[in-house]
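*Asks:*
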Amino acid sequence: DQQVKQNSPSLSVQEGRISILNCDYTNSMFDYFLWYKKYPAEGPTFLISISSIKDKNEDGRFTVFLNKSAKHLSLHIVPSQPGDSAVYFCAASANFNKFYFGSGTKLNVKP
Amino acid sequence: DAGVTQSPTHLIKTRGQQVTLRCSPKSGHDTVSWYQQALGQGPQFIFQYYEEEERQRGNFPDRFSGHQFPNYSSELNVNALLLGDSALYLCASSLGASGTYEQYFGPGTRLTVT
């Protein structure tokens, strides 16, 4: 049972443009959502999070949007930089219990 | 400040064997979670240790067991290895069970079962 889904395995954008990564979930009890970035041969690193009481959270070039009615969240990166090229995972939990991860989206930012 | 460390980096085992993976949490962290990441998939939660006890467990069989030591380091043991156990095993540490949203991951141990 995949409760968190990232339906786009890969995304390619031009440097300076916006990158939009999407994530869908099925469990309405999820109340905390995170995005992680993973470079090859490294563990995932925390990027940004959002609580279900918010619909938007911003941190520099990164913004996460949450649409609870659609059970959908997205990560916007503006402007995209070549160093942003990595695999991005979304994750969700209910009451900080175990986290469920999506399968990841590989972002390639072309110079 | 040392981050999360895991050993070994790579491991090759034969079906039916047993394996032990090790994790040292980030300095100051007391909670350790283990994840399995199969190729092309996201990390799947195995279990979490806090105060030397297993607090939460994912949907993994009893062949997967763990331990946390007084210094907060942790081991993941897998018995009777199957080919399907081949994966990247990630350890993540955090401060307190309620702080698991800010987990710091290690680089992982790549386990290959032949």
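Protein chains in written order, with the working numbering: chain V, 455 to 565; chain H, 1056 to 1169.
Every residue, glycine too, gets a C-beta built ideally from N, C-alpha and C.
#1: Going by CA-CA distance only, name the one from D1085(H), P1063(H), N1134(H), T1075(H) that's closest to A1147(H).
#2: Which bits of chain H does F484(V) rub up against, with CB to CB less than 7 Å?
#3: Measure from the C-beta of N551(V) to each C-beta in chain H and report whether the shortest distance is under 8 Å.
#4: Could I get the ranges of all uninterrupted alpha helix (DSSP H) runs contained in the stretch 475-531 of chain V, with 4 residues as the minimum, in chain order?
#5: Return no unless some Cβ of chain H is closer than 8 Å to the Cβ of E496(V).
#6: Would the stretch 520-533 of chain V and the stretch 549-556 of chain V be scored as touching if the rule is three or more Cβ pairs under 8 Å?
#7: Who are the near neighbours of L1137(H) in its chain, counting only those whose CB is closer than 7 Å to its CB and skipping five residues on each side?
#8: Using a C-beta cutoff of 8 Å, does L1131(H) count as contacting chain V?
#9: Determine the burial state of Y479(V): buried for a count of at least 16 other Cβ atoms within 10 Å of its Cβ, exposed for fewer.
#10: Measure the Cβ-Cβ separation of Y1104(H) and G1083(H) and say whether it is below 8 Å.
#11: For E1157(H), would you say it is in contact with chain V, using Cβ-to-Cβ distances shorter than 8 Å as the test?
#12: Could you confirm whether any beta carbon from chain H is found closer than 8 Å to the beta carbon of F516(V)?
#13: Does the stretch 1092-1110 of chain H touch the stretch 1058-1067 of chain H, meaning 3 or more C-beta pairs lie closer than 8 Å?
#14: For my contact list, F516(V) and I531(V) are in at a C-beta cut-off of 8 Å; report their separation, rounded to the angstrom.
#15: Quick one, which residues of the stretch 1106-1119 of chain H are near chain V if we go by CB-CB under 9 Å, in chain order?
#16: Taking the alpha carbon of E496(V) as the point to measure from, which residue in E1157(H), Y1144(H), S1149(H), L1150(H) has its own alpha carbon closest?
#17: What are the boundary residues of the beta strand (DSSP E) that includes G1121(H)?
#18: Taking beta-carbon pairs under 7 Å, can you tell me which members of the stretch 455-480 of chain V lie near chain H?
*Replies:* On the basis of the supplied data:
#1: For the set D1085(H), P1063(H), N1134(H), T1075(H), the Cα lying nearest the Cα of A1147(H) is the one of D1085(H).
#2: Taking the beta carbon of F484(V) as reference, no residue of chain H falls within 7 Å; the closest one sits roughly 12 Å away.
#3: Interface annotation, N551(V): in contact with chain H, CB-CB separation under 8 Å.
#4: Qualifying alpha helix (DSSP H) stretches: none in this window.
#5: E496(V) counts as touching chain H.
#6: The stretch 520-533 of chain V is not in contact with the stretch 549-556 of chain V.
#7: Once the five neighbours on either side are set aside, the close Cβ partners of L1137(H) are R1070, V1168.
#8: Not closer than 8 Å to any Cβ of chain V, the Cβ of L1131(H) fails to qualify, so no.
#9: By the 16-neighbour rule on beta-carbons within 10 angstroms, Y479(V) is buried.
#10: Between Y1104(H) and G1083(H), the C-beta spacing is not below 8 Å.
#11: Chain V contact via Cβ: present.
#12: Not closer than 8 Å to any Cβ of chain H, the Cβ of F516(V) fails to qualify, so no.
#13: Touching, no, given that fewer than three Cβ pairs across the two stretches are closer than 8 Å.
#14: Rounded, the Cβ-Cβ distance is 6 Å, consistent with contact.
#15: Residues of the stretch 1106-1119 of chain H with a Cβ closer than 9 Å to any Cβ of chain V, in chain order: Q1111, R1112, G1113, N1114.
#16: With distances taken between Cα atoms, E496(V) lies closest to Y1144(H).
#17: Unbroken beta strand (DSSP E) run through G1121(H): 1119-1123.
#18: Those residues of the stretch 455-480 of chain V that come within reach of chain H (Cβ to Cβ, closer than 7 Å) do not exist; the list is empty.
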